[in-house]
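**Student:** In our numbering, the protein residues as written are 122 to 438.
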DNA sequence: CACTTGACCTGTCCGC
DNA sequence: TGCGGACAGGTCAAGT
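1) At which residues does the alpha helix (DSSP H) containing residue 376 begin and terminate?
2) Ordered along the chain, which non-local residues of its own chain (more than five positions away) have a Cβ less than 7 angstroms from that of residue 427?
3) For residue 403, which residues of its own chain have a beta-carbon under 8 angstroms away from its beta-carbon, when the five flanking residues on both sides are left out?
4) Hey, could you find the ends of the alpha helix (DSSP H) residue 344 is sitting in?
5) Grouping DSSP H, G and I as helix and E and B as strand, with all else coil, what is residue 429?
6) So for residue 331, helix, strand or coil by DSSP?
7) Suppose you measure from the CA of residue 395 to the CA of residue 194; what does that come to, to the nearest Å?
8) Please classify residue 285: does DSSP put it in a helix, a strand, or coil?
9) Identify every residue that forms a DSSP beta bridge with residue 149.
10) Return yes when the Cβ of residue 320 is within less than 8 angstroms of the Cβ of residue 352, no when it is not.
11) Throw me the rounded Cβ distance for the residue 173 and residue 186 pair, which I believe falls under 8 angstroms.
12) CA-CA distance, residue 175 and residue 136?
13) With a cut-off of 8 angstroms, do at least 3 Cβ pairs link the segment 267 to 274 to the segment 322 to 337?
14) Identify the continuous alpha helix (DSSP H) that holds residue 185 and give its terminal residues.
15) Express the C-alpha separation of residue 180 and residue 124 in angstroms, rounding to a whole number.
16) Which class does residue 399 belong to by DSSP, given the choice of helix, strand or coil?
17) Tell me the rounded alpha-carbon separation between residue 298 and residue 131.
18) Helix, strand or coil: which one does DSSP assign to residue 201?
19) Can you find the residues in the same chain that come closer than 7 angstroms, C-beta to C-beta, to residue 392, ignoring five residues on each side of it along the sequence?
20) Taking the alpha-carbon positions, what's the residue 347 to residue 155 distance?
21) Could you check the C-alpha separation between residue 261 and residue 167 for me, to the nearest Å?
22) Let me check understanding here. Comparing Cα to Cα, which of 247, 435, 308 and 270 lies closest to residue 349?
23) Would you decide whether residue 184 is buried or exposed? Buried here means 16 or more other CB atoms lie within 10 Å of its CB.
24) How many Å lie between residue 368 and residue 308 at the Cα?
25) By DSSP, does residue 125 sit in helix, in strand, or in coil?
26) Given residue 126, which residues of its chain have a CB within under 6 angstroms of its CB, disregarding the five upstream and five downstream residues?
27) Going straight from the alpha carbon of residue 283 to that of residue 161, what length do you get?
28) Under 8 angstroms between the Cβ atoms of residue 267 and residue 207?
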């Protein structure tokens, strides 16, 4: 998925676009798993509710509503949240406006009739065509005619509506580790949290969300390269000084990625449907066969901890 | 409890 | 050009 920097990029985009908008309708398309409680709760607590705030915890997005409920969203591997602002607002009370206007085909017609993607830039910046498309799982329509689309090719991601007060009680929220970019999160705490995973390798522990929140395959490989640590090392053999290096590299890499709008391989886009550019700056991820930018040795890709793992065997010890 | 593996899905790419 | 298998940025539920 989108890892922490990608989810944070989406959050920042949505935080500029959503607060104050009022939900007119919400629809799950052909995939109950993507929006499991799209039922009575939606009519009661989503339709008519105003968006207050867009937050993030780990890789989870939280859209708070004034109905004491929140939309909790996980993009997993291929999820996208794309906001589309209509080019026009239909007159209130008109026959067209009183239609449910929920059918995907109807929305596609509306789009062709004059809707305009908000903030669309150069065509190459966009991975998303006209919406909805075949990967669209949820459509939220606002009273001003704008739409929020949840697209997810692989259907691993989800949107859940729940009382805001219950969000911290989700199992994931109770178990997930600290935010690595928080100012009060120290290198000492970072090292300490790894210690209980002493018998596994550092890459697997790094990907464990209960150790530190938000690290995924890209930024694990990138920061292990930065800290010159071989991803196959056992946690128990990693020194305190090496953990401190890894802590700093993780924060540098994630801050750079946020600045660049995240990494786009195939599916990830920001709230306006545009790609991120961190992959242009990647040192090892998806760069197997090319020279290590530090020592010139060939970057390897192996299967490790169940994931594709990229590293330089020469300078990561 | 700590650790590993497979499952969840669809799409794409690569070798035969 | 077709077909099978591996693989894709993330988590869970099982298994040992």
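Cβ coordinates follow ideal geometry from the N, Cα and C atoms, glycine included.
**Tutor:** Taking the coordinates as given:
1) For this step, residue 376 is matched to residue 255 along the first chain. Bounds of the alpha helix (DSSP H) holding residue 376 are 361 to 380.
2) Counting from 1 along the first chain, the entry for residue 427 is found at position 306. Cβ within range, chain order: n/a, list empty.
3) Here residue 403 corresponds to residue number 282 of the first chain, with the count starting at 1. The residues are 339, 343 and 384.
4) Within the first chain, the letter at position 223 stands for residue 344. Note, residue 344: alpha helix (DSSP H), 338 to 347.
5) The residue given as residue 429 occupies position 308 in the first chain. Strand, per DSSP.
6) Counting from one through the first chain, the residue named residue 331 turns up at place 210. Three-state DSSP puts residue 331 in coil, outside helix and strand.
7) The sequence position of residue 395 within the first chain is 274, counting from 1. The sequence position of residue 194 within the first chain is 73, counting from 1. Approximately 19 angstroms between the Cα atoms of the pair.
8) Residue mapping note: residue 285 aligns to position 164 of the first chain, counting from 1. In the structure shown, residue 285 sits in a helix (DSSP, three-state: H, G or I).
9) Position 28 of the first chain, counting from 1, holds the residue named residue 149. Note: residue 149 sits in a beta bridge opposite 259.
10) As a first step, residue 352 must be located in the first chain, where it is residue number 231. As a first step, residue 320 must be located in the first chain, where it is residue number 199. The answer is no: Cβ separation not under 8 angstroms.
11) Along the first chain, read from residue 1 onward, the residue named residue 173 stands at position 52. Along the first chain, read from residue 1 onward, the residue named residue 186 stands at position 65. Confirmed, about 6 angstroms.
12) As a working note, residue 175 is residue 54 in the first chain. As a working note, residue 136 is residue 15 in the first chain. For the pair residue 175 and residue 136, the Cα-to-Cα distance works out to about 5 angstroms.
13) No, because fewer than three Cβ pairs between the segment 267 to 274 and the segment 322 to 337 fall closer than 8 angstroms, the two stretches do not touch.
14) Here the question's residue 185 lines up with position 64 in the first chain. No alpha helix (DSSP H) holds residue 185; the beta strand (DSSP E) holding it covers 181 to 186.
15) As a working note, residue 124 is residue 3 in the first chain. As a working note, residue 180 is residue 59 in the first chain. Taking the straight line from one Cα to the other gives about 6 angstroms.
16) The residue labelled residue 399 in the question sits at position 278 within the first chain. If DSSP states are grouped into helix, strand and coil, residue 399 belongs with the helices.
17) The count along the first chain starts at 1 and reaches residue 298 at position 177. The count along the first chain starts at 1 and reaches residue 131 at position 10. Approximately 21 angstroms between the Cα atoms of the pair.
18) Within the first chain, residue 201 is the residue found at index 80, counting from 1. In the structure shown, residue 201 sits in a strand (DSSP, three-state: E or B).
19) As a working note, residue 392 is residue 271 in the first chain. These residues qualify, in order along the chain: 131, 134, 135, 138, 202, 203 and 204.
20) The residue you call residue 347 lines up with position 226 of the first chain. The residue you call residue 155 lines up with position 34 of the first chain. Their Cα atoms are separated by approximately 37 angstroms.
21) Position 140 of the first chain, counted from the first residue, corresponds to residue 261. Position 46 of the first chain, counted from the first residue, corresponds to residue 167. Cα to Cα, residue 261 sits roughly 10 angstroms from residue 167.
22) Here residue 349 refers to the residue found at position 228 when the first chain is read from its first residue. Nearest of 247, 435, 308 and 270 to residue 349, Cα basis: 435.
23) Residue 184 sits at position 63 when you count from the first residue of the first chain. It counts as buried.
24) As a working mapping, residue 368 is identified with position 247 in the first chain. As a working mapping, residue 308 is identified with position 187 in the first chain. Taking the straight line joining both Cα atoms gives about 6 angstroms.
25) Counting from one through the first chain, the residue named residue 125 turns up at place 4. Reduced to three states, the DSSP call for residue 125 is helix.
26) For the purposes of this step, residue 126 is taken as the residue at position 5 of the first chain. Taking residue 126 as the centre and dropping the five residues before and after it, the same chain places the C-beta of 375, 378, 379 and 383 closer than 6 angstroms to its C-beta, in chain order.
27) Translated into positions along the first chain, residue 283 becomes position 162. Translated into positions along the first chain, residue 161 becomes position 40. Distance between the alpha carbons of residue 283 and residue 161 is about 12 angstroms.
28) Here residue 267 refers to the residue found at position 146 of the first chain. Here residue 207 refers to the residue found at position 86 of the first chain. Closer than 8 angstroms, so yes.
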